[in-house]
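First the structure, in the form of structure tokens, and then the observations on it.
In the UniProt record's numbering, the protein residues as written are 1 to 83.
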């Protein structure tokens, strides 16, 4: 499924992700994200798909950063770091 669009802005779907360490949930995200990408000749849109892979996300230790890493079609990575 392509996440790029050249026409009218697509409406991003709801996506839900949880990052856990054992039975502890450190991040719970409900996101709808659309990026507008302008180039010289065109405007394109990238939509975060609800099936973006979050398996590389981590809770870290009590002193470490918590990371929500969403991988999109093996082309893009979107990272949120919480301190």
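Just so it is clear, CB atoms sit at the ideal spot from N, CA and C, and this is done for glycine as well.
Under DSSP, residue 36 shares a beta bridge with 45. Minimum Cα-Cα distance from residue 9 among the listed residues 82, 38, 17 and 81 corresponds to 38. Listed in chain order, the non-local C-beta contacts of residue 79 below 8 Å within the same chain comprise 67, 68, 69 and 70, local neighbours out to five positions each way being set aside. Per DSSP, the continuous beta strand (DSSP E) segment holding residue 15 begins and ends at 15-21. Contact between residue 81 and residue 65 is confirmed by a C-beta separation of about 5 Å, below the 8 Å threshold.
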